[in-house]
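Chains as they are written, first to last, in the working numbering: chain U, 5 to 405; chain P, 5 to 405. Where is the CB? At the ideal position from N, CA and C, for every residue including glycine.
Protein chains: 2
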Amino acid sequence: MKRILVGQSGGPTAVINSSLYGVIMEAKEQGCEVYGMINGIEGFLEEKYIDLTGQDVDYELLKCTPASYLGSCRYKLPENLNEIVYRLLFEKFKKLAIDIVLYIGGNDSMDTVDKLSRYADEIESDIKFIGIPKTIDNDLVETDHCPGYGSAAKFVAGTVRDVVWDAGVYDRPVVTIVEIMGRHAGWLTAASVLARTEYEKNPLLIYLPEIDFDLSSFLRDVKDALEQSRSVVVCVSEGIKDAAGKLICEYEDESVMDQFGHKMLAGAGKVLEHFIKSSIGCKCRSIELNLPQRCFAQMASAKDIEEAEIVGRTGVAKALKGQSGSMVAMIRAREEGYNISYEMVPVTDVCNLEKKFPSDWIVNGNDISDKFYDYVEPLIQGEHTVEFEGGLPRLLKPAYK
Amino acid sequence: MKRILVGQSGGPTAVINSSLYGVIMEAKEQGCEVYGMINGIEGFLEEKYIDLTGQDVDYELLKCTPASYLGSCRYKLPENLNEIVYRLLFEKFKKLAIDIVLYIGGNDSMDTVDKLSRYADEIESDIKFIGIPKTIDNDLVETDHCPGYGSAAKFVAGTVRDVVWDAGVYDRPVVTIVEIMGRHAGWLTAASVLARTEYEKNPLLIYLPEIDFDLSSFLRDVKDALEQSRSVVVCVSEGIKDAAGKLICEYEDESVMDQFGHKMLAGAGKVLEHFIKSSIGCKCRSIELNLPQRCFAQMASAKDIEEAEIVGRTGVAKALKGQSGSMVAMIRAREEGYNISYEMVPVTDVCNLEKKFPSDWIVNGNDISDKFYDYVEPLIQGEHTVEFEGGLPRLLKPAYK
């Protein structure tokens, strides 16, 4: 009987627990035992783990429980494989008789998988290491998209549409700026384009971090948009920056220190709100969608939940067949319709790289092409039936509580 | 055949359109014609209105369409009833042969109903004026609660619970501050208490504007809470202020001007985030729930939708029986269980007053009593089935588009 160790790392997504569900279910069906690291590799170093096979837990609830059931960490393994931490970790793997380690996470987590797998090669260990992708940023290379992105995109699109409806009710010019997560890649902000309908063209302006942001062009864009529509909704990535590489959210650096002597870092949306108020003088409001983008599980995409589970199951199945040092990737078929196959790619080709939003899908620096629409639309389809109790979604109690 | 004119005013709620639905349906069933003001009384002054009876529109969708279907306004009628605007409005009512005017809104809208009804008395007009309450702030007097509050409370409770789950995943001290709407009344912030479960006591601290806010007590509270729990979630009303009456969100006034010379007004949550970072030094994040509190229709309370419709229907029925100058109030039965009767109260007793959160429901200045739990719990019950199309909720196109 094989023994599997699974961990979650980095920022949560609405479906990171669906991948965990897939791992647990596939492992059980294949007759394996599963242990879960508490707080990722960092917690495991302190021997914090839990037996997931033997628990009397309704794991179905993982599909609509946000955040990381096993807890998380942000822990980067040293570059030098001779560091003692590697020896310690492998001693602990051995002590627990682990055959397979699955790590659910983004870029940094894939780096962890890569290093552990290289160390295993060096010491000729048989332990298999597999990466299970997750990120709302959708910035992992070698995969069509990442589990977690579809649900975040659905939340962003739905919420921006609600905001467009709300912002339009008054009969006077108003600019509403929505700040969306994504420091380096604009995938999530681009999803706001889905909020448009045949009769409602808002958000009229969309700015991604892939394009240099220029305040004077922005001002011109907003003025033009106000000619078209009394209510203008603008969506911006938190990470937009100017041609010199300076983040817009840092434009207040020098002048704005709070009374405690800290930089305000109030966000790009807030900076632009003040800019519009001072330069156009119309009503302006900024909204930061913030954490709910990654933790609002009540509106997760059913397609995303399904794919996240399959990615987890595939990781187990492939490891049992001897794969190691690889990540489960989602490959979209080239033919018509939406068809995903699950294939293994070397994790070393994935870690420490970022997949940017394609520049040819950005129109005029402030809009998104229909090609992106075709890409993203299948990812937000379907709704998972959430179990409510006393008026609120029933969530699974985290393993670390 | 009686002719009804209905308008929506002030900030939207998730169910302001459910009240409109109730008005349209009851009017149709009673054989009346219904016209809708576009952009409230202000738009009507410019003769902007729409025939709601004759339209081929799927009004069922109003139940899950956020914002104000008819558009809104913030327009205060003059105190002096001799001002020309009254004569103009009544000329327009007469021109359209209006018998009944229903106005859906909060405090200011009830003031409009009061003034129009007093003017009608003065000129001996037969037109009936009825107020239909709505507000997420829940601050109208003479009614147990207001349509719109239950849905906002459900969204706040659900989202805070998600944030609590998300904030707890790392194994290190973290303070998360959630800023919730409510400038003068703490009803909505108090609803965050519903996020707690038997095993999760976050949000550990809740501050309402009814209690003077003191930075040093706050610091002590947070330090104590960090002794109890590694992750501390704090919920604050946007309108918290100190003993001198100064808003916490204005604490940066003097020192913080942005590069365009404006006050930052970044919100109470942001101010407290910086305060915690500078005085405790632990990781701290602030989240402003912002507009989605009032416009996220996908998680509206079914009970709230139902009551909002009945309030609208009751307004029509009572006006047809000759009532005027009154608002539909919701009276809760004193016996066990939750039972609401719909009664008329003089609108003059409602307008320009604010119902504060009861001080005896606030515990130690930073917590909420179980009595509030009994009050609020019935208001968030039930989920409305939202119709999705292409992965997103199907919304009704606003009448003003």
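What are the residues that DSSP puts in a beta bridge with Arg336 of chain U?
U:Ile344
Ser305 of chain P versus chain U: which residues are under 9 angstroms apart at the beta carbon?
Gly395
Expressed to the nearest angstrom, what Euclidean distance is found between the alpha-carbon atoms of Ala18 of chain P and Ala301 of chain P?
5 angstroms
Would Phe264 of chain U count as contacting chain P if we go by Cβ distances under 9 angstroms?
For Phe264 of chain U, the predicted structure reports a pLDDT of 44, less than 50, and the residue's modelled location is therefore unreliable. A value from the coordinates is still provided. In terms of beta-carbon proximity, Phe264 of chain U lines the interface with chain P, with at least one pair separated by less than 9 angstroms.
If you follow the alpha helix (DSSP H) that Pro137 of chain U is part of, which residue opens it and which one closes it?
It is not in any alpha helix (DSSP H) - Pro137 of chain U instead sits in the beta strand (DSSP E) that spans 132 to 137.
Would you please state the rounded distance, in angstroms, between the beta carbons of Val145 of chain P and Val354 of chain P? I believe it to be under 8 angstroms.
6 angstroms
Excluding the 5 residues preceding and the 5 following Ser113 of chain P in the sequence, name in chain order all residues of the same chain whose CB lies nearer than 6 angstroms to its CB.
Counting only Cβ-Cβ distances below 6 angstroms, and skipping sequence neighbours, we find Ser13, Gly14, Tyr107.
Would you list, in chain order, the members of the stretch 136 to 167 of chain P that have their beta-carbon closer than 8 angstroms to a beta-carbon of chain U?
Lys158, Ala161, Gly162, Thr163, Arg165, Asp166, Val167
Looking only at C-alpha atoms, which of U:Gln232, U:Ala199, U:Leu223, U:Leu192 sits nearest to Glu214 of chain U?
Checked all of U:Gln232, U:Ala199, U:Leu223, U:Leu192; the closest Cα to Glu214 of chain U is U:Leu192.
Quick check on the burial criterion: 16 or more other C-beta atoms within 10 angstroms. Buried or exposed for Ala403 of chain U?
buried
Work out the CA separation of Val117 of chain U and Gly110 of chain P for me, nearest whole Å.
Cα to Cα, Gly110 of chain P sits roughly 56 angstroms from Val117 of chain U.
Count the other C-beta atoms from every protein chain shown that fall within 10 angstroms of the C-beta of Glu311 of chain U, then say buried if there are 16 or more, exposed otherwise.
buried
Closest Cβ-Cβ distance between Lys401 of chain P and chain U: below 9 angstroms?
yes
Thinking C-alpha only, which one of U:Gly329, U:Val349, U:Glu381 is nearest Gly341 of chain U?
U:Glu381
Could one say the Cβ of Ala31 of chain P lies closer than 9 angstroms to chain U's Cβ atoms, at least one of them?
no
Under three-state DSSP, which class holds Ile20 of chain P?
helix
Residues of chain U with CB under 7 angstroms from Pro296 of chain P, in chain order?
Thr163, Asp166
Reducing DSSP to helix, strand and coil, say where Cys68 of chain U ends up.
helix
Based on DSSP bridge pairs, tell me the residues matched to Ile104 of chain P.
P:Ile8, P:Lys132
Name the chain U residues that come within less than 7 angstroms of Ile1 of chain P, Cβ to Cβ?
One cannot answer for residue 1 of chain P here, as it falls past the ends of chain P, which runs 5 to 405.
Count the other CB atoms within 10 Å of the CB of Asn370 of chain P; is the residue buried (16 or more) or exposed (fewer)?
buried
Identify which residue in U:Leu120, U:Asp60, U:Arg91 has its Cα closest to the Cα of Lys80 of chain U.
U:Leu120
Considering Thr180 of chain P, what are the terminal residues of the beta strand (DSSP E) in which it resides?
178 to 184
So what's Phe159 of chain U in DSSP terms, helix, strand or just coil?
Phe159 of chain U carries a helical assignment under DSSP once its states are collapsed to helix, strand and coil.
Leaving out five residues before and five after Gly35 of chain P in sequence, what residues of the same chain have Cβ atoms less than 7 angstroms from its Cβ?
Met5
When DSSP labels each residue in this structure, what does Leu293 of chain P get in the three-state scheme?
coil
Quick one: is Cys77 of chain P near chain U, going by C-beta distance under 9 angstroms?
yes
Suppose contacts are defined by Cβ-Cβ distances below 9 angstroms. Is Lys360 of chain U in contact with Asp143 of chain U by that definition?
yes
Compare the beta carbon distance of Ile291 of chain P and Glu292 of chain U with 9 angstroms and say whether it is the shorter of the two.
Yes, they are a contact pair.
Is it the case that the Cβ atoms of Pro70 of chain P and Trp365 of chain U are separated by a distance below 9 angstroms?
Contact flag unset, no.
Do you know how far the Cα of Asp166 of chain P is from the Cα of Glu277 of chain P?
19 angstroms
Going by DSSP, name the residue or residues bridged to Ile372 of chain U.
U:Ile366
What are the boundary residues of the beta strand (DSSP E) that Gly40 of chain U is part of?
37 to 41
Would you list, in chain order, the members of the stretch 167 to 195 of chain P that have their beta-carbon closer than 7 angstroms to a beta-carbon of chain U?
Val167, Trp169, Asp170, Gly172, Val173, Tyr174, Asp175
Out of U:Ser22, U:Leu9, U:Asp115, which one is the CA nearest neighbour of Ala304 of chain U?
U:Ser22
Nearest chain P C-beta to Cys2 of chain U closer than 9 angstroms, yes or no?
Residue coverage of chain U in this structure runs from 5 to 405, which leaves residue 2 of chain U outside it and unanswerable.
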